[in-house]
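Number of protein chains: 4
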Amino acid sequence: MALGKGRLEAFSDGVIAIIITIMVLELKVPHEESLEALKPLIPVFLSYLLSFVYVGIYWNNHHHTMQAVRSINGKILWANLHLLFWLSLIPFVTAWMGENHLTQWPVFFYGIVLIMNGIAYRILALSLIKHHGENSLIAQAFGNDFKGKISVALYAVAIICTWLNPTISVIIYVVVAGSWFIPDKRFERLLESE
Amino acid sequence: MALGKGRLEAFSDGVIAIIITIMVLELKVPHEESLEALKPLIPVFLSYLLSFVYVGIYWNNHHHTMQAVRSINGKILWANLHLLFWLSLIPFVTAWMGENHLTQWPVFFYGIVLIMNGIAYRILALSLIKHHGENSLIAQAFGNDFKGKISVALYAVAIICTWLNPTISVIIYVVVAGSWFIPDKRFERLLESE
Amino acid sequence: MALGKGRLEAFSDGVIAIIITIMVLELKVPHEESLEALKPLIPVFLSYLLSFVYVGIYWNNHHHTMQAVRSINGKILWANLHLLFWLSLIPFVTAWMGENHLTQWPVFFYGIVLIMNGIAYRILALSLIKHHGENSLIAQAFGNDFKGKISVALYAVAIICTWLNPTISVIIYVVVAGSWFIPDKRFERLLESE
Amino acid sequence: MALGKGRLEAFSDGVIAIIITIMVLELKVPHEESLEALKPLIPVFLSYLLSFVYVGIYWNNHHHTMQAVRSINGKILWANLHLLFWLSLIPFVTAWMGENHLTQWPVFFYGIVLIMNGIAYRILALSLIKHHGENSLIAQAFGNDFKGKISVALYAVAIICTWLNPTISVIIYVVVAGSWFIPDKRFERLLESE
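Chains as they are written, first to last, in my numbering: chain A, 1 to 194; chain B, 1 to 194; chain C, 1 to 194; chain D, 1 to 194.
Okay, structure coming up:
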């Protein structure tokens, strides 16, 4: 009897649900009732929107990936916790970026957290592939993971860009998010053909 | 093998559970021990009550709807996340309305968030119907969704009313909530007849 | 096909887990490092402990009760949400009582919230019994619910006592909690005999 | 019919997910955008990292242990809630230690909470073994629980060390965490051989 994946999914759902929801607490309620009182919240709101999409992408991909998983082991549990750790830092960098409108360091650290999440997801994928074998459904579904690698490369470019123009960096973050918005058809196709 | 609905339900339960609970954090604990210290909290409490009922209605309807769902796809995952995004803004507008006792802009944005939730639910319903087919249980259960459409229309009326008298707008929100309080018999009847 | 109880359990677990955990946020971290800095936190900590036990009791009883439930309906969903509403107010009254060391009004409202929770649980029980029938396992397990009724009566006594001596009220709360600490054997016995 | 373990797992997942995530809220967003603004957050971040690993270890061990559990009873529910209570205090001591960089009392109470968690886990294990019998899978998996006992002993040493040098205490906490980082092979081996 191998370790089941049920609780790993349930725990990840719980943590990701909390991460995606506590970000909204940074939208501090203004004490005034005027329309102008909302203006300073616009960049905070846009940061929230971007991060909501990113966390949503991770949950989506996690959901698709785990669908193809048959069993897990102790290493996979830690690879998953490692991913959750970097995801848990998204609310912090989101709030920092939201408060300081596209200045270098907040945008820089937002990129660092994104790149670490990308790497953590890759580590989780590799530990899943190793556990299931090179011919497994999950190994085929990831393939050479071109999309994952190009995303990490683009985050790196964006991080460097923060020295030149942080706005370009944020545009890159938005573009990468957009490219992942389309759910990972690889898994759906493979699962259907099964 | 199609994508299962289990994790979509679990994740939605998690997010909705957090949304419904963090609203209570706006009931800031008074530093004094007198009965008068609670007075300023009365509008905050009433806002909380209204929003608790609204979030409860969405959870209830989500529960009933998903009961008739057989499988999901990537588009449905995003339609669901889109609904959760608008639900996640309810605590913010609740707190703003609670602090500023029925003045125009807080009541206006409360209505905007309600109308966006109504639209997001409709989008989710349409993507579920498209996936299951026009003759599916879920398509029959929604029917022409008269109740959903009339609610969105009433939210629109309420939003316009904020220029005239925000109190009327809030009365409309309360009336619409009351009409949804009665659980969606359509699903129960159809599920029973199955 | 009747409505399943799975999501009602999952959603309740989520809400109760959040309630029991956010109470700890009232233990504000002292800025000083001395042992004395913890002293003002002692009543806050004791309030937290009492409320943790109360919320734990409700989760425990909910778990035991739902074990005997076969299916649910829309009314039961709302009876359950009603219970969750009153449970969600426990962190607020806990924090208020913790800050104001056993003075009348905080202790009074703590009792009000406890009595409303007791009544809400009774309403949930009655709606479950009505749905399952008078000869059902769940009806037998509740019996005449002597323990539930006596608790509500004691909360009422404690609420009145706040005018005389709030300390007595708190002692009553502790005693009632102690009496529920012992898990509800009725359900375990009935479930085993099944 | 015995009490199922499903909800105990789901509720524990919920509480642990919240505990591990709310700790990140102590990383207060700086109002400035400079790199220097992050400096005071470094000890807070390191405390967060250590506590994330500790909570992760408990979740991991809980997951492995519950995998071997067949059924539960009322006592086990309370032993589990008792563990969750001590886990819920980790965010508080983490934040206090993070703010006061390795001074005696924060490090002392961090150790107290760790030792109480170790003891609570032992009580849970004993109540599970008692329920399943001395020859059960779970009794074999725990064995004499050498690792658990040595950890509690080391926490005790670390607590005493806070009078001499709190830095040594923190090093002990890190070393013990490291020794648990490796997942509990006992359960995996036993479950596989089953």
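Glycine included, C-beta positions come from ideal geometry on N, C-alpha and C.
| said: Is any non-hydrogen atom of the ligand FMN found closer than 8 Å to the C-beta of residue 152 (chain C), if you look at the structure I gave you? | reply: This structure does not include the ligand FMN; it has no bound ligands of any sort.
| query | Going by C-alpha distance, which of B:86, B:163, B:174 and B:6 is nearest residue 71 (chain B)? | reply | B:6
| message | Can you check which of these residues, A:54, A:94, A:69 and A:75, is closest to residue 82 (chain B) by C-alpha distance? | response | A:54
| request: With residue 144 (chain D) as the anchor, note down where its alpha helix (DSSP H) starts and where it stops. | output: Taken as a continuous stretch (DSSP letters only), residue 144 (chain D) belongs to no alpha helix (DSSP H), as it is neither H nor E.
| message | Per DSSP, what are the beta-bridge partners of residue 3 (chain B) in this structure? | response | B:72
| message | Are the CB atoms of residue 27 (chain D) and residue 89 (chain A) within a distance shorter than 9 Å? | response | yes
| Can you find a C-beta in chain D that's less than 9 Å from the C-beta of residue 240 (chain C)? | Residue numbering for chain C in the displayed model covers 1 to 194; residue 240 (chain C) lies beyond these limits and cannot be assessed.
| Hey, how far is the Cα of residue 140 (chain A) from the Cα of residue 79 (chain A)? | 20 Å
| message | Counting only Cβ pairs nearer than 7 Å, list the residues of chain A close to residue 20 (chain D). | response | 15
| query | On the three-pair Cβ rule with 8 Å, is the segment 93 to 105 of chain C touching the segment 13 to 22 of chain B? | reply | no
| field | Under 7 Å by beta carbon: chain B residues contacting residue 100 (chain C) | value | 33
| Contacting residues, own chain, Cβ-Cβ under 8 Å from residue 52 (chain B) (five flanking each side not counted) | 20 and 23
| said: Which residue wins for smallest C-alpha separation from residue 146 (chain D), given the options D:31, D:180 and D:170? | reply: D:180
| field | Cβ-based neighbour list, residue 101 (chain C), same chain, cut-off 8 Å, excluding 5 preceding and 5 following | value | 43
| Within 8 Å of chain A by C-beta, residues of the segment 74 to 89 of chain B in sequence order | 74, 75, 77, 78, 81, 84, 85, 88 and 89
| query | Does the beta carbon of residue 134 (chain B) sit closer than 9 Å to a beta carbon anywhere in chain C? | reply | no
| Among C:177, C:136 and C:163, nearest to residue 154 (chain C) - alpha-carbon criterion | C:177
| task | Compare the C-beta of residue 126 (chain C) against all C-beta atoms of chain D and say whether one is closer than 9 Å. | result | no
| message | My assumption, with CB atoms under 8 Å, is that residue 142 (chain B) sits in contact with residue 125 (chain B). Please give the rounded CB distance. | response | 5 Å
| request: Would you be able to state if there are at least three C-beta pairs under 8 Å between the segment 156 to 164 of chain A and the segment 29 to 38 of chain A? | output: no
| request: Would you list, in chain order, the members of the segment 47 to 70 of chain A that have their beta-carbon closer than 7 Å to a beta-carbon of chain F? | output: Considering every chain present, this structure includes no chain F. Its protein chains are A, B, C and D.
| Does any residue of chain D bring its CB to less than 9 Å from the CB of residue 103 (chain A)? | yes
| request: Determine the extent of the alpha helix (DSSP H) in which residue 118 (chain B) is found, giving its start and end residues. | output: 104 to 132
| request: Ignore the nearest five residues each way along the sequence and tell me which others in residue 75 (chain A)'s own chain have a CB closer than 6 Å to its CB. | output: 127
| field | Pair within 9 Å by beta-carbon distance, residue 40 (chain D) and residue 107 (chain D) | value | no
| Who are the neighbours of residue 27 (chain B) on chain C, taking C-beta pairs under 7 Å? | 92
| Closer than 9 Å, CB to CB, is residue 111 (chain D) near chain C or not? | no
| Who are the Cβ neighbours of residue 14 (chain D) in its own chain at under 6 Å, not counting the five residues just before and after it? | none
| C-beta atoms of residue 3 (chain C) and residue 84 (chain C) nearer than 9 Å | no
| said: What does the alpha-carbon distance come out to for the pair residue 123 (chain C) and residue 129 (chain C)? | reply: 10 Å
| Identity of the residue in D:116, D:46 and D:10 nearest residue 156 (chain D) by Cα | D:116
| query | For the alpha helix (DSSP H) that residue 197 (chain C) lies in, which residues bound it at each end? | reply | Past the edges of chain C, shown from 1 to 194, lies residue 197 (chain C), and the structure says nothing about it.
| message | I'd like to know if residue 8 (chain D) contacts chain C, where contact means its C-beta is closer than 9 Å to some C-beta of that chain. | response | yes
| message | Check whether chain B comes within 9 Å of residue 38 (chain A), counting only Cβ atoms and requiring the distance to be less than that. | response | yes
| task | Count the other C-beta atoms from every protein chain shown that fall within 10 angstroms of the C-beta of residue 1 (chain D), then say buried if there are 16 or more, exposed otherwise. | result | Residue placement at residue 1 (chain D) is flagged as unreliable, the pLDDT there being 43, under the threshold of 50; the coordinate-derived value follows with that caveat. It is exposed - the Cβ of residue 1 (chain D) has fewer than 16 other Cβ atoms within 10 Å.
| task | Would you tell me roughly how many angstroms separate the C-alpha atoms of residue 11 (chain A) and residue 9 (chain B), rounded to the nearest one? | result | 14 Å
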